[in-house]
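One structure below.
Residue numbers (this note's numbering): 77 to 345.
Listed below in structure tokens is the structure:
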């Protein structure tokens with residue numbers, strides 16, 4: 077693991093090869109982290125992904141989603157985040173962010189980008205977050221075609237990557253989690269390759285081997301796992317060669333797609 081300040085002029089601190097007590101194999105690597113104390117410009121970057129960087133639909137390269145042109149980003153069944161200028165405690169930090177804030181009326185917030193990517197071709201995954209309070213937002217992959225052990229014919233499930241199961245996220249500081257595809261995941265439904273469930277996450281390679289026909293239908297961010305109010309911000313999401321940013325006040329350049337379920341726009345607050 078590497079933790080470093082990503083903003084120009086900030087002090088750099090590195091802690092090499094910390095594995096948080098997790099298995100040291102490449103298949104169980106937790107990925108790398110970089111934090112920035114008050115900058116939302118710490119892009120997760122784009123690079124060639126494992127098994128094909130252009131896997132899935134959407135643009136290749138930088139892409140901008142806005143409330144007026146979300147570029148296909150949407151929420152499934154529950155509330156969506158809001159486009160804002162930046163977190164309350166670090167105003168004016170960049171081009172914008174998505175604000176995920178739960179409450180009794182909206183106990184879960186999510187935002188997904190559709191794709192059509194075989195699980196075996198999962199590209200590089202990353203996102204940049206700012207955790208104000210509560211648990212960290214999770215990166216999720218929605219699947220069909222998985223081998224459900226309860227014989228559900230749809231094979232639907234959601235794979236979940238959580239920061240606290242792959243290291244420790246820093247609160248009230250911009251942090252980038254990269255190489256998620258090399259980290260530990262758990263499934264929201266009973267599927268082959270995940271006998272331990274949420275309490276015993278496994279590598280994506282293990283899940284893929286047990287579910288060779290699974291396909292990723294969407295990727296995105298979810299927040300909301302308890303009755304306690306939570307609030308976080310997301311400034312970038314990377315899937316393969318595409319890195320999305322989120323701008324509240326422009327028309328954007330997101331890929332063509334449905335604007336259904338688009339999030340609203342507001343100033344941070």
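Ideal Cβ placement from N, Cα and C applies to all residues, glycine included.
- Taking the Cα positions, residue 176 is about 11 Å away from residue 162.
- The Cβ-Cβ distance between residue 207 and residue 308 falls below 8 Å.
- A distance of 8 Å or more separates the beta carbons of residue 204 and residue 297.
- The Cβ neighbour count for residue 245, taken over all protein chains shown within 10 Å, is at least 16; the residue is labelled buried.
- Taking 8 Å as the cut-off, the beta carbon of residue 269 is found closer than this to the beta carbon of residue 287.
- For residue 280, the enclosing alpha helix (DSSP H) covers residues 280-286.
- Of 305, 292 and 303, the smallest CA-CA separation from residue 197 is found for 292.
- Residue nearest to residue 143 within the set 137, 136, 157 and 215 is 157 (criterion: CA-CA distance).
- Residue 206 is bridged by DSSP to 309.
- Between residue 218 and residue 265 a beta carbon distance of about 11 Å is seen, past the 8 Å cut, so the two are scored as non-contacting.
- For residue 319, the closest alpha carbon among the candidates 151, 189 and 210 is that of 189.
- Cβ contact annotation for residue 294 (same chain, cutoff 8 Å, sequence separation greater than five): 152, 188, 189, 190, 191, 217 and 218, in chain order.
- In this structure, residue 185 places its C-beta atom within 8 Å of the C-beta atom of residue 178.
- Between residue 180 and residue 300, the CB-CB gap reaches or exceeds 8 Å.
- Nearest to residue 201 by C-alpha distance, out of 237, 140 and 282, is 237.
- Just so you know, the alpha carbons of residue 316 and residue 254 end up roughly 11 Å apart.
- When DSSP reads this structure, residue 314 sits in a beta bridge with 202 and 319.
- At a Cβ-Cβ threshold of 8 Å, residue 260 and residue 277 count as neighbours.
- Residue 152: not part of any beta strand (DSSP E); DSSP gives it neither H nor E.
- Apart from sequence neighbours up to five positions away, the residues of its chain that approach residue 304 with a beta-carbon distance below 8 Å are 210, ordered along the chain.
- Taken atom to atom, the span from the alpha-carbon of residue 272 to that of residue 322 is near 36 Å.
- Under DSSP, residue 137 shares a beta bridge with 318.
- DSSP, read as helix, strand or coil, puts residue 263 in strand.
- Beta-bridge partners of residue 175 (DSSP): 158 and 309.
- When only Cα atoms are considered, residue 267 and residue 195 end up about 14 Å apart.
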